[in-house]
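**Q** Numbering (full-length UniProt numbering), first residue to last: 1 to 201. By construction, the Cβ of each residue, glycine as well, lies at the ideal position given by its N, Cα and C atoms. Small disclaimer: the values here were computed from a predicted structure and weren't measured.
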Ligand code: GAR
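1. So does the segment 121–130 actually touch the segment 59–73, counting three or more Cβ pairs closer than 8 Å?
2. Rounded to a whole number of angstroms, what is the C-alpha to C-alpha distance between residue 4 and residue 30?
3. Would residue 85 be called buried (16 or more neighbouring beta carbons within 10 Å of its own) or exposed?
4. Are the segment 95–108 and the segment 45–56 touching, with three or more C-beta to C-beta distances below 8 Å?
5. Taking 8 Å as the cut-off, decide whether the C-beta atoms of residue 113 and residue 177 are in contact.
6. What span of residues does the alpha helix (DSSP H) with residue 69 cover, start to end?
7. Return the chain-ordered list of same chain residues with a C-beta closer than 6 Å to the C-beta of residue 155, the five sequence neighbours on each side being excluded.
8. In its own chain, which residues sit with a C-beta less than 8 Å from the C-beta of residue 13, not counting the 5 before and 5 after it?
9. Assuming residue 6 contacts residue 186 (C-beta within less than 8 Å), just tell me the rounded distance between them.
10. Relative to the ligand GAR, is the shortest distance from any of its heavy atoms to the C-beta of residue 111 smaller than 7 Å?
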């Protein structure tokens, strides 16, 4: 790999459509997905296998408790030596020891316009609240839940007659575009984080 190309590691727990979007956009950014890390058996693994991307499994079910899981996860992430660790539907809160080990190098995607509707189901929470606009956010990970500095956002309108499922689909589509765009910037530009403000030059 050329030295300037960024090493990207994706972490996922589920379907992996954001992971797939990043795979499909390869060639659009000077980086390479060098591994997929999962915490459970999931469809994202099949996507990695289809594209010859190495898979590292740190399975929660094989760990006696959270502490052991986090220790093993940290060890694997260190070994992978990524420039950026991209959470793409990785449904776990990273502990402070991992967040502090990779400052401004762990990125997450969340299906709402943060800081509104953080947590497990940002799409449903926004839908039930009755907001007219929601969307998706890519942000750096800090110690909180979906609280880190915001890198990029896309807006999605909730129209009359919208169902939760149609909204999920619209947000997913926007997420795929947004994550690719953010990864392009992370790989090719200088990122400056000043307090909560994230800018690319
Ligand atoms: C995405 O919508 C992502 O924003 C969400 O999980 C989904 C994963 O989809 N993540 C969170 O809610 C994190 N709090 P995917 O597996 O198809 O990429």
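**A** Checking against the coordinates, here is how it stands:
1. no
2. 8 Å
3. buried
4. no
5. no
6. 66–80
7. 133, 135
8. 38, 39, 40, 42, 44, 89, 90, 91, 92
9. 7 Å
10. yes
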